[in-house]
Each structure stands twice: as C-alpha cells, then as structure tokens.
Amino acid sequence: MIFETNEHSWHGFKRIELPPGKHGLTRKCISIYLYTRERPAEEIVPVHGTFYVQQPLPERLVPGYTLAEADVQELRRLLEERDEWIQSYQRTRRAKRDDNHGLREYARSLVLHSWADGLVMGSSLRVLRGVTGLAVSLWLCATSRFMRPAIPVDEPPEPVLLAALASGHMLTEGEAHALKQSLRARDARILRYQREELELQRENDGLHARIGSLLASIRLPLSNGARQVPGTLRGAYARGWVASRLEVVLQMPPGTRSLDITGKLPGHYPAGMRIEARIDGQPVGVDHPAAGKRFLLRASAGEVFEAPFMLELLTTSPATLPQLTSDRRDLAFVLKGIRART
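Here the sequence shown is numbered in our numbering, starting from 466 and rising by one per residue.
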C-alpha cells in the first residue's frame, strides 16, 4: 500500500479477529517513509504526536437492536478509550503550560540581565556587574510569583455507560441517540484539546526561538578593545555562565598577541577540571582551575591576531557536573573576562 501522510491522512482497519485454529498467525509489516523537500504552507504545523480519530458507534446499534454481551463490552471500550485520551490530553496541557511559563520567565530574565549588563559593561562601573545581576535576580524572584498563569480547570468527565444497557436489553430511540451524543461530546473535547496542544506547541516553538536569539546576543565581558562579532555566540548564559563548549568570533585591536581569559568555578565542582582554549580549531592554552577559586588562562597563537577568529573554550570534567533540580543547563563555569594583550 502506498498513500500520502499529512495532517489529515485518515487510515486504519477494523480490529483483527483471527478465526479458530489460526491464533498462531502473525502479521509481518515493513514501513518505509519518503519525505518531500518542502511542504505546502497549510500543512506546516508544530511538532506533535499522532492525532487519532476515534472509532464511531457501530452501525448495527439502532433502535430495536437487542444488545449482546459483546456489544456492551464494545460500547464500554469506545467510551473508556475516549476518556483515556481526554485524561492524557489534560495532562499534556498542564505540562505544556508549565513548560511555556518557565520559558517565558527565562526569556524575561535574559532580557533583564542583558539590560543590566549593558549598563555597566565596558565602563568604569563594571565592578557593579555582580551587584546589578543580583538585583535583577531578586526582582525576578519577587515578581515571578505574581505572573504565574492560572491553572486550567479540567472539565468534569462525561457520563458513563447507562446502567440499562446490559446484555439482552433492546435499544430505544432515546438510548441510541444518547449513545451517539455521548461519543460526539467526547470527540468534541478531544478535538478541542488537540487544537489547544498545537497552539501551546506553537507558543513553545516561538519561545525557544526567542531564547536562542537572546542567548546569541549576550555580551561577553570583553575589555581592552576586544569585540565579539554579532550573531556568532554559542554556549553562553546570563550572569557570565558558559557551557562546556563556548564558541564566539572575536575581533581584536591591532597588535594583540594573546588573550587573558579569567573565570571562576563553583566551589562544589569536582577536582580535576580542565579548560582548553582554541583559536580557529587550534589549541592555544590549557588551565586546570581549582573549584571555588578564580583562574587565569592565557591563550596565545604565537602571532598577531589580525583578522576575526573563532575562540572556543572547551571544559571537561572527570565526573558529572552537579546540577540543581530545577536547572538542566550545561553550566561549566562563570566567565569573568576576556582581555586583549599586546
């Protein structure tokens, strides 16, 4: 079978019931997906799981039909499967709302910390960087509790299967109508949750893109004429934190022959840490900093830095770096400064 898969590619089959004596048979299936280079604009949606269409009410269940035990079990399954999907979507909605709230708070903190750094970086007030960073952190902590969105209240569950619908019971017109309405009500809720999941994921994608842009525009603590090329920074966070791999393109003033890179490891980090500096992929300096103390790594390529170059700082550890429960970022050390030297 060959068919197109998109946002509305309905396909499926009825439940496979093997005949007596054939229960040892199995189905062998090989699935191969082919992808086009581009998709129509109307088919581009945020990443999401498969949205399944629920099985409808069997056509045989009409007024005057006498229910068998198998019919009762099938009705119960149709209702319970829908209710399980509703509960699953409710959990997904709560988790995604919490995730989006955390991303909004993180983006807000990046904006405020960047603004605070811009006030003091490169001026005689640079010593106040830590003070302004702390002030911003305290402000964020004080205001975040008032900006948390309201927790959505889940709607009450739909009515369960009517007690009268038992084996041997003949369906009335009202009961057949009520069954259809019960399934439709559940299907409407499922469809609403699916649309809400797309909206929440679209917001999530936008927040990730904004955070990526904010991280790429963080200003490193450069001095003595050193400048970073906009849009080239990777692996930096607010308040001087950098990841185990920091990349940035720098432009040095004329006559620069080396860089003084200063930083500090947290006091609870393991012994045996190693930080290597590379310029355009070539090693130019190594340091083994001690936890809780400042370090100085001097990077020199043996020649004058005339053209812009890529600086990499690679941090390795003999053990897994400790993380805070609520913070899963790759935090290697706090970068205090990069100073050009002639």
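Quick reminder that beta carbons are idealized off the backbone N, C-alpha and C, glycines included.
### Query
Which whole-angstrom value is the C-beta distance of Leu627 and Ala650, which I expect to be below 8 Å?
The beta carbons of Leu627 and Ala650 sit about 14 Å from each other, so the pair does not count as a contact at 8 Å.
### Task
For the region 480-548, list the alpha helix (DSSP H) runs that are entirely contained and at least 4 residues long, ordered along the chain.
Runs of the alpha helix (DSSP H) inside the region 480-548: none found.
#### Entry: Where Pro773 sits in the DSSP three-state scheme
Under the three-state reduction of DSSP, Pro773 is assigned to coil, being neither helix nor strand.
### Task
Measure the C-alpha to C-alpha separation of Gly639 and Tyr554 and round it to an integer number of angstroms.
Here the C-alpha atom of Gly639 lies approximately 30 Å from the C-alpha atom of Tyr554.
### Query
Is Thr697 helix, strand or coil when you go by DSSP?
Here DSSP, grouped into helix, strand and coil, assigns Thr697 to coil.
### Query
In its own chain, which residues sit with a C-beta less than 7 Å from the C-beta of Ser688, not counting the 5 before and 5 after it?
Non-local beta-carbon contacts of Ser688 in its own chain, meaning distances under 7 Å to residues more than five positions away in sequence, involve Gly802 and Arg804 in chain order.
#### Entry: Between the CA atoms of Gln716 and Gly750 - distance to the nearest angstrom
In this structure, the straight-line span from the alpha carbon of Gly750 to that of Gln716 is close to 19 Å.
### Message
Let's test the definition: count the other Cβ atoms within 10 Å of the Cβ of Pro686 and tell me whether it reaches 16, buried, or not, exposed.
### Response
The residue is buried, with at least 16 neighbouring Cβ atoms inside 10 Å.
### Task
Note down, in chain order, each residue of its chain lying with its Cβ closer than 6 Å to the Cβ of Arg743, except the 5 sequence neighbours on either side.
Answer for Arg743: Glu777, listed in chain order.
### Query
Does the region 671-686 come close enough to the region 520-528 to have 3 or more Cβ pairs within less than 8 Å?
Touching, no, given that fewer than three Cβ pairs across the two stretches are closer than 8 Å.
### Query
How is Ser765 classed by DSSP in three states: helix, strand or coil?
In the structure shown, the three-state DSSP call for Ser765 is strand.
### Residue interval of the beta strand (DSSP E) (run including Glu661)
That residue, Glu661, is in no beta strand (DSSP E); its alpha helix (DSSP H) goes Glu638 to Ala681.
### Message
One question on the structure: do Leu532 and Ala631 come within less than 8 Å of each other, judged by their Cβ atoms?
### Response
In this structure, Leu532 lies near Ala631, with their beta-carbon atoms less than 8 Å apart.
### Task
Return the CA-CA distance between Leu663 and Phe516, expressed in angstroms with no decimal places.
Here the C-alpha atom of Leu663 lies approximately 11 Å from the C-alpha atom of Phe516.
### Message
Does Gln747 come out as helix, strand or coil in the three-state DSSP assignment?
### Response
For Gln747, the three-state secondary structure derived from DSSP is strand.
### Task
Could you work out which residue in Thr807, Val694, Met738 and Pro621 is closest to Asp548 when comparing CA atoms only?
For the options Thr807, Val694, Met738 and Pro621, the alpha carbon positioned closest to that of Asp548 is the one of Pro621.
#### Entry: Span separating the alpha-carbon of Val537 from that of Thr491
A straight-line Cα-Cα distance of about 28 Å links Val537 and Thr491.
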